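A.B. asks: Below you will find the structure I want to go over with you.
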Amino acid sequence: MLDNIKSPEDLKALSYNQLEDLSGEIRKYLIEQVSKSGGHLGPNLGVVELTIAIHRVFESPKDVVVFDTGHQSYVHKLLTGRSLGFNKLRQRGGVAGYPNRQESEHDVVENSHASTALSWSDGIAKGFSLTNQKDRTVVCVVGDGALTGGMSWEALNNIAASKNEKLVIIVNDNERSYSPTIGGVATYLSTLRTTSGYERFLDWGKGVLEKTPVVGQPIYETLHGVKKGIKDIVAPQGMFEDLGLKYFGPVDGHNIEAVEKALKIAKDYDAPVLVHVITEKGKGYAPAIQDEAEKFHAVGVVDPETGVPLAKGGKSWTSVFSDELVKIGSERKDVVALTAAMMGPTGLDKFQKSFPDRTFDVGIAEQHATTAAAGMAYAGLHPVFAVYSTFLNRAFDQLLLDVALHKAGVTFVLDRAGITGDDGPSHNGIWDLALTGIVPTLHVAAPRDGQQLRETLREALDISDAPSLIRFPKGVVNPDIPAFERRDGVDVLYRGESADILLVSIGAFAAIAVEAAGQAYREGVGVTVIDPRWVKPLPESLVTMAQRYKSVVVLEDGIKHGGIASTISELFRESQLNVPVHSIGVPLTFLEHAKRNEILEDLGITVQNITRSLVTWSSSDFVVDIKEEMQHPLDESEHRKPLR
């Protein structure tokens, strides 16, 4: 049946029995496809019937459907004619893991960061109202988790003051459920409260009673309050109606007919309405239901029958950090950990298990976490805020003015730094080096391997009079790369036989930097590879080391614009060092979803391309004055052999 669904219009001719069969077919298809590619399985299994009902009641794309975060949009994509693209889900040439305007006119918001959909929807609805597009409704699907973000409540506060917006807010609540009796009574009372006729009657009654001397106003308030009070007992709508929003629910999100009835009432109302829908995350898939912690929220490649991961990877960067933080926590009682609704993905679950009283999950609230960490530091603690690189973007003001300005001893640990790949443009962590580069007092480390991650984490936690930050990529950690020596904090990883190129490797790119240097050696080019470890502030010894080379090349896993190469260039200018600096990194663009190695190939960040660039830049006619490099000149007779 799914093969015959080419657009939402195809759903409207189906009976409820057929829709139930279609729901089962969709779940089976999702399990088959997502188990092959990885992705957000649990959230989508929970919204099958809800999404079907949305597309039967509303007319996408005339009516705009906005998904908060967007990871629960797989069913929406299937129902809008994109089922064939799921054989390469989150891969180049296949459908993206989040809404994507390039894929379909049915997709509107594609940033995939949480708690933004209500603001988007408010803006779109206001635009429709002011441009006389009053036949168009905006449908905002927001999860209960996204309501932990402050931006959601900023939007709700403004939406509640809007009287002419055709906006239906669907709260997809997959954490709680209600018994049929309570749900039935609540549905009846909600229908009464959200019916336009009831509102007209209420306005008429208010006018009549308010004209009645002495007792009119109290009678009106009492009658209206009775209905509100009864409903407060049986349904949790109070906080929404206190804001001024009409509330309908809770509704069984797996009963298509019930959801449709609720949405039809909401659609006919001439002001914003909130529909509270109860769903079960991972519905229909036993392994997801049995996963109490995350309900298969996001999975890698798994066995579709058992849900057991099939990929046998090595130790991840996240697990190295996680294990070391637990060790440090046992040594230091002042160390505490914070996360913004990412306890497991950031590796803080182990710390939480060992030190539950010293672990804080603030929900999707990166801004609050950052400023709260500053407060904890003031009180004598040393907070560690573990967060994906892309999500720290949301707390830049707090990092700058609440933490750095006050020189708070807070350590930020950025997971998924650099190019992540398959989750698309919004999840790449390519901006942190440029953003943090302009923050005074902040120390930034980019460890190249597991050993350096452990070392820099401890070094960061020893900094109490300024903030510190450590960044590392997604995936399996590199084998440790030993240094020949450490010169004033700079590790020498490979010694060139001649002073042609000084290759400054940032973070986990060290392995390909060393390999490229080895290949360049066979081309007759002398390349010395160094790792500064701490990239902010840059070691002053870098200037002295660079004096003897024709060119300096910086290899970094971030945008080149404002990145480490830019900082080194400025350092050289201030030091009046006339050595050209070349940058290998990410251009100023958004990277579409693909495998990380495919993106690196596109950008020319491969051993072969780097080697070619090193050879080209070494042929410069630039003449250098060979000077003593610090107090310890390199032994030209020694050099590191290539890795392969």
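If you use full-length UniProt numbering, the sequence shown closes out at 644, no skipped numbers anywhere.
Just so it is clear, CB atoms sit at the ideal spot from N, CA and C, and this is done for glycine as well.
Model, not experiment: these values are computed from the prediction.
1. Take residue 391 as the anchor and find which of 356, 345, 281 and 382 has the nearest alpha-carbon.
2. Indicate the three-state DSSP secondary structure (helix, strand or coil) for residue 4 in the structure shown.
3. Please confirm if the region 111-122 is in contact with the region 324-334, defined as three or more CB-CB distances below 8 Å between the two stretches.
4. CA-CA distance, residue 386 and residue 148?
5. By how many angstroms is the C-alpha of residue 379 removed from the C-alpha of residue 306?
6. On the CB-based measure, 16 or more other CB atoms within 10 Å of its CB, does residue 573 come out buried or exposed?
7. With DSSP as the reference, please indicate the residues paired to residue 383 in a beta bridge.
8. Does the pairing of the region 17-35 with the region 74-81 give three or more beta-carbon distances under 8 Å?
9. Could you round the C-beta distance between residue 103 and residue 95 to whole angstroms and report it? I think they count as a contact, below 8 Å.
10. Round the Cβ separation of residue 47 and residue 41 to the nearest angstrom and send it over; I've been treating them as touching at under 8 Å.
11. Which same chain residues, not among the five before or five after residue 301, have their C-beta less than 6 Å away from its C-beta?
12. My guess is that residue 284 and residue 571 are in contact by the Cβ rule of under 8 Å, so how many angstroms apart are they, rounded?
13. Which value, in whole angstroms, describes the spacing of the CA atoms of residue 466 and residue 441?
14. Whole angstroms are fine: how far does the CA of residue 555 sit from the CA of residue 503?
15. What is the rounded straight-line gap between the Cα of residue 616 and the Cα of residue 112?
16. Would you kindly check if the distance between the Cβ of residue 605 and the Cβ of residue 584 is under 8 Å?
17. Are the region 362-379 and the region 426-445 touching by the rule of at least three beta carbon pairs closer than 8 Å?
18. Among 421, 468 and 595, which residue has its Cα nearest to the Cα of residue 400?
19. Can you give me the start and stop residues for the beta strand (DSSP E) that residue 534 sits inside?
20. Please report the Cβ distance between residue 313 and residue 476, rounded to the nearest whole angstrom; I am assuming they are in contact, meaning their Cβ atoms lie under 8 Å.
21. By DSSP, does residue 602 sit in helix, in strand, or in coil?
22. Which of the three DSSP states is assigned to residue 458 in this structure?
23. Compute the distance between the beta-carbons of residue 417 and residue 473, then report whether it is under 8 Å.
24. Just to confirm, is the Cβ distance from residue 611 to residue 520 under 8 Å?
25. Going straight from the alpha carbon of residue 145 to that of residue 291, what length do you get?
26. When you compare the CB positions of residue 614 and residue 516, do they come within less than 8 Å of one another, or not?
27. Opposite residue 487 in the DSSP bridges: which residues?
28. Roughly how far, in whole angstroms, is the beta-carbon of residue 140 from the beta-carbon of residue 66, given that I think they are within contact range, below 8 Å?
29. What does the alpha-carbon distance come out to for the pair residue 20 and residue 4?
30. Starting from residue 388, follow its DSSP beta bridges and name the residues at the other end.
31. Can you confirm whether residue 307, when its beta carbon is compared against all beta carbons of chain D, has any partner nearer than 8 Å?
32. Just the Cα atoms here: how many angstroms apart are residue 81 and residue 6?
33. With 16 other CB atoms within 10 Å as the buried threshold, where does residue 16 fall?
34. Considering only the beta carbon of each residue, do residue 246 and residue 274 sit closer than 8 Å?
35. Just list the residues that DSSP pairs residue 278 with in beta bridges.
36. Could you check what DSSP says for residue 528 in three-state terms: helix, strand or coil?
C.D. replies: This is what the structure gives:
1. Check the Cα spacing between residue 391 and each of 356, 345, 281 and 382: the tightest is with 345.
2. helix
3. no
4. 18 Å
5. Cα to Cα, the separation comes out at about 47 Å.
6. exposed
7. 336
8. Judged by Cβ distances under 8 Å, the region 17-35 makes contact with the region 74-81, as three or more pairs qualify.
9. 6 Å
10. About 12 Å; that fails the 8 Å criterion.
11. 38, 310 and 311
12. That belief does not hold up - the Cβ atoms of residue 284 and residue 571 are roughly 58 Å apart, past 8 Å.
13. 6 Å
14. 7 Å
15. Looking at the two C-alpha atoms, the distance is approximately 40 Å.
16. yes
17. no
18. 468
19. Unbroken beta strand (DSSP E) run through residue 534: 534-536.
20. 5 Å
21. In the structure shown, residue 602 sits in a helix (DSSP, three-state: H, G or I).
22. helix
23. yes
24. For the 8 Å CB-CB criterion, residue 611 and residue 520 form a contact.
25. 18 Å
26. yes
27. Its beta-bridge partners are 490.
28. 5 Å
29. 15 Å
30. 415
31. Considering every chain present, this structure includes no chain D. It has just one protein chain.
32. 4 Å
33. exposed
34. yes
35. 173 and 252
36. strand
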